[in-house]
Amino acid sequence: MSDTPILELQDLRVDYTVRGIDREVLRGISLSIAPGEAYGLVGESGCGKSTAAYAAMRYLPRNGKIAGGKILFDGRDMTTMNNDEVSELRRSAISMVYQNPIAAMNPTIRIGHQLAEVFRMGGATKEESFSKAEAALARVQIADAPRVMRRYPHQLSGGMAQRVVIAMALASNPRLLVMDEPTTGLDATVEAEVLDLVRELRRETGTAVLFISHNLGVIRHMCDRVGVLYAGSLVEQGETATVLSNPSHPYTVGLLRCIPRGGLHKNTDRLDTISGTPPPLGQHFDGCVFAPRCALAEDKCTTNVPEMINIGNGHIARCFKHNEASGMPRNVESVTVSPTRNASVQQKGSQLLNIDHLSKAFTQDGHTVHVVNDVSLRVGVGETLGLVGESGAGKTTIAKLILGLTGSDSGSHVELNGKDLAATLKKRDVADVGAMQIVFQNPDQALNRRHSVTRIVGRAVQKLRGLSAEESTNRAHDLLSGMRVEASLHSARPSQLSGGLKQRVAISRAFAGAPQLVVCDEPTSALDVSVQATILNLLVDLQKQDGTSFIFISHDLGVVRYISDKIAVLYLGRVVEFGEADVVFGGPHHPYTEALLSSVPNIDGSVRKRIPLAGSVPSPSNPPTGCVLNPRCPRMAGSGVEGLCTTVEPELNEVEPGHFMRCHIPLDQLRVSQQK
Amino acid sequence: MSNVESVNSVVRSNAERKQIRKERLALLRKNKAFVVGTTILFFWIVLAVFGELIAPYAADEMSFEFTGMAPSSQFWFGTDSLGQDVFSRVLIGTRSILVMSFSATILGTIVGASIGLASGYFKGALDTVIMRLLEAISAIPVLIIALLAIAAVGGRSPVITVLVIGFVFAPNIARTVRATVLGETELEYVAAARLRAERTPHILFREVLPNVLPPIIVEFTVRLGYAIFAIATLSFLGAGVETGSPNWGMQISENWSSIFSNTWWPTLFPALAIASLAVCINLISDGLLEVFEI
């Protein structure tokens, strides 16, 4: 790199003042981004990724301050600039794309005006600015630009809104684009489209990108180089492919081992975890920030701060023992003790839950919206059914209907152990209520923040098992200890616990009444990958021990593949494919499943041809006639059954033994076209 | 697990909790608005308790030799047209206004919070009816309702004033609580409670109520400030308390006409007292808001 870097952070330190005390959030970060380069920053929540991004624009929250170091933009130090100079840079040379695109726009102003304003700030006249705005929308592949210009932000889908924000960010022809988790809130297929767009725009414009993400797969596909942050310290940096395939810091190694990928399955592989928990904000370290959790740590690691050590070719790691990192001992045994089926051999194959013709329609502004449409599913004893699909597919509604939190429409049947259950909770026996429980996505919302851990679990035991208050408390303590929530934490409130511990408490509560079926609704989506691994291990252990069945809802296909025995793929409230997990993932797939699978970025960097879906998800209040996928289907054109697809809705047919699909295209034809 | 270990860890987790509390308290102590507010309030509370002991004269002690005396070393705040010591009457009047405003606000908060809780939880038709009714009540100025009610009951007494103020404040509190409860019932801990077959009252008062306490406390302090004004105003209009009792609003009402004969002290000092009490309550609520980041 001969030319001046676009952005260079030199030993940057940032403090946040929290409750009157300065806490160190970035501990001397040094990195540089060359012109046209894409640099990724990864790390778990609270490691300082976003702070680094905001610091790059010198845009810190009110309680944040730069405590030392330099931020050089094109060789000029931003820390010593006055506010006007910084504003000028932000107007003309640095742009930012935020995680939530709809919140990043002004909800009361039409898209066209907001976008044109950026051009007017750049000196364009009013007419010019509007025509430029239209061109900018076209550049981010928005088909009907004039119509989008007249809309308000809330009228756009998430993917469309993110394109508009990207158009806005590129309007000033910036030299640096800071993207903070730009696709995190988006569905997999939309994420893939936005990422493709960003890659393409980078090729065209040569803009340098600072890309913040927690998703290693996304970073692998988007970035030339990557920096790994832990507790406000940059622990490893290098070419993305090198760092991710040959990590040299124990933290990076641990992080990569936590992720369920490459076809791992609960029956044969156990996920590794990182012991301990991340340090609280601003904790002081004499030595390496990762030493307290590191399997390789020695005495000197806790007393001396390691330097960045050059491993070669720009690959550096802040670790004394970088040579041994890849062979680091695992935190948990790699192989599980016994496969699931053996544990519950006496019950093998017996049906637990039968759902037939489950439907739910809501009325919204006079329209009837069919959110769940004639869904029939089976769950066996000790089995995990994975529910996948993008937002709006009806995953969570199905869960609520099964549990009786929402009443299903007439004609729906939910049968547990051969007993037909009433539609609503109030009409179900306490025993039936306790037999089916749920673990919610967000433990912060699912646990009453004013109650102690003991109370939360104890009350559930008391109500569902009919025990006395004292007995329930004892039983709750046993349960919690079994979930590895230490006794010391039983009197704590949820806010005192980490995300992973909160989820353990929520799982303890779900198991309070010895349930036969637990619905896990995105139980690890709000957690970091290292914590996710421990929670998944725990769920698998519980299943083996108690023979509990799970309905596992997740948008993360790696996680679903790891934990599920059977998989149902949902689209617009319908099951489009259902079968054994390896069959659904192995193919031949339903065209929608195929598109979904192809949109997931792999960490190993293997390039898979993406099968795009045309357009966006139609409104469930006005679904397309015929097959609901037909306007977007990647396999319909040239299939020879187009006439059928657009007029007749296909049934969920058994296309091969145990493999169900809602598609008119014959299985063999799908197999042939998908192998190409 | 050994007992020693678990006890140690409990101490640690409690220590963390204490640490946060300590840091918050430190922040409160540094917060000027809060410190000034609590100092003034403490001062008034001491007077409310010990006013009669501190006051140099009794509240109803009249001296016809000394009517309308300007402030002096003998009568710090002067005397009124009946020859009563203004300073003593202000001190002794503290109790009446503090007790009345606190009771009225507590009453309004309990009634309002219960209505808001039920309305926000059940939603639907019940919610619509209750909210329209509350809006109707709020549309009429507080003083008019209060005067009408006092006239209808046909007597002025502190109890009636407290009841009336409590009643007219309830809609505001109900609306605040309802708005919070609406968001709160979307949270999944409510679904979790339903999934262990809890009864509705348990969900309302044991699960939801503790979580909507912070906005209730803030609304309480805000309403308390208004209550002080409302009670002073009603007393000024002669509707709050019996004539002649030591009460700041009443004092102003009885003496304001003498301002035109340059006898400003019987009016100014009770007015300053009212203002300082209202301001200190607002300072406290500002301080709490800032530190607890509600």
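Keeping their order, the protein sequence lines are chains Z and F. Under the numbering used here, the letters of the first sequence match residues 1 to 676, in that order. Under the numbering used here, the letters of the second sequence match residues 1001 to 1294, in that order. All residues carry an ideal CB built from backbone N, CA and C; glycine is no exception.
Asked, Found
"Where ASP444/Z falls, given that 16 or more other Cβ within 10 Å makes a residue buried", "buried"
"Chain F contact for ALA138/Z (CB, 8 angstroms cutoff)", "no"
"C-alpha distance - SER2/Z paired with ARG632/Z, whole-angstrom precision", "For SER2/Z, the predicted model reports a pLDDT of 47, less than 50, meaning its position is unreliable and no value from the coordinates is stated."
"Residue(s) in a DSSP beta bridge with GLU239/Z", "ARG225/Z"
"Buried versus exposed, by CB contacts within 10 Å (16 or more), VAL1049/F", "exposed"
"CB contact flag (LEU216/Z, ILE259/Z, <8 angstroms)", "yes"
"Any C-beta of chain Z under 8 angstroms from that of PRO1266/F", "no"
"Listed by chain order, chain F residues near ARG450/Z by CB distance under 7 angstroms", "PRO1210 and ASN1211"
"GLN99/Z, DSSP secondary structure in three states", "coil"
"Among PRO634/Z, LEU41/Z, PRO5/Z and ASN622/Z, the one whose alpha carbon lies nearest that of GLN364/Z", "ASN622/Z"
"Chain F contact residues for GLN445/Z, given Cβ-Cβ distances below 8 angstroms", "LEU1187, GLU1188 and TYR1189"
"As assigned by DSSP and simplified to three states, the class of ASN653/Z", "strand"
"Segment contact, 8 angstroms Cβ cut-off, at least three pairs: the region 398-418 of chain Z with the region 502-514 of chain Z", "no"
"Counterpart residues of HIS370/Z in DSSP-defined beta bridges", "ALA361/Z"
"Bridge-paired residues (DSSP) for ARG120/Z", "For ARG120/Z, which the question treats as bridged, DSSP gives no partner whatsoever."
"Secondary structure, alpha helix (DSSP H): runs of 4+ residues fully inside the region 1104-1177 of chain F", "1124-1139 and 1142-1153"
"Residue-level contact to chain Z via CB, ALA1118/F, 8 angstroms cutoff", "no"
"Chain-ordered neighbours of PHE440/Z on chain F, where CB pairs are closer than 8 angstroms", "GLU1188, ALA1191 and ALA1192"
"At least three beta-carbon pairs within less than 8 angstroms, the region 420-434 of chain Z to the region 607-624 of chain Z", "no"
"Cut-off 8 angstroms between Cβ atoms - residues of its own chain near SER452/Z, not counting five sequence neighbours on either side", "HIS490, SER491, ALA492 and ARG493"
"Whether GLY1287/F touches LEU1028/F by CB criterion (8 angstroms)", "yes"
"Start and end residues, alpha helix (DSSP H) containing GLY499/Z", "499-510"
"Nonlocal neighbours in the same chain, by C-beta distance under 7 angstroms from TRP1044/F, ignoring five residues either side", "THR1094, LEU1098 and LEU1277"
"ALA435/Z at chain F interface by Cβ criterion, 8 angstroms", "no"
"Contacts around ALA1104/F, its chain only, beta-carbon distance under 6 angstroms, and the 5 residues preceding and following it disregarded", "VAL1162, ILE1165, GLY1166 and ALA1227"
"Residues sharing a beta bridge with GLU577/Z, DSSP", "VAL569/Z and MET661/Z"
"Same chain, Cβ closer than 6 angstroms to TYR54/Z, neighbours up to 5 away in sequence not counted", "LEU60"
"The region 374-382 of chain Z contacting the region 572-582 of chain Z, beta-carbon criterion three pairs below 8 angstroms", "yes"
"Reference ALA1059/F; option with closest CA among LEU1041/F, ARG1089/F and GLY1037/F", "ARG1089/F"
"Interface flag, ARG19/Z vs chain F, CB-CB below 8 angstroms", "yes"
"Range covered by the beta strand (DSSP E) that runs through ARG13/Z", "7-18"
"Segments of 4+ residues assigned as alpha helix (DSSP H) that fall wholly inside the region 119-172 of chain Z", "126-139, 145-149 and 158-170"
"Contact the region 145-153 of chain Z vs the region 99-111 of chain Z: 3+ CB pairs below 8 angstroms", "yes"
"Cβ-based contacts, 8 angstroms cut-off: residues of the region 1024-1051 of chain F near chain Z", "ARG1024, ALA1026, LEU1027 and LYS1030"
"Cβ-Cβ separation, LEU1134/F to ARG1175/F (assumed contact under 8 angstroms), whole Å", "6 angstroms"
"LYS395/Z at chain F interface by Cβ criterion, 8 angstroms", "no"
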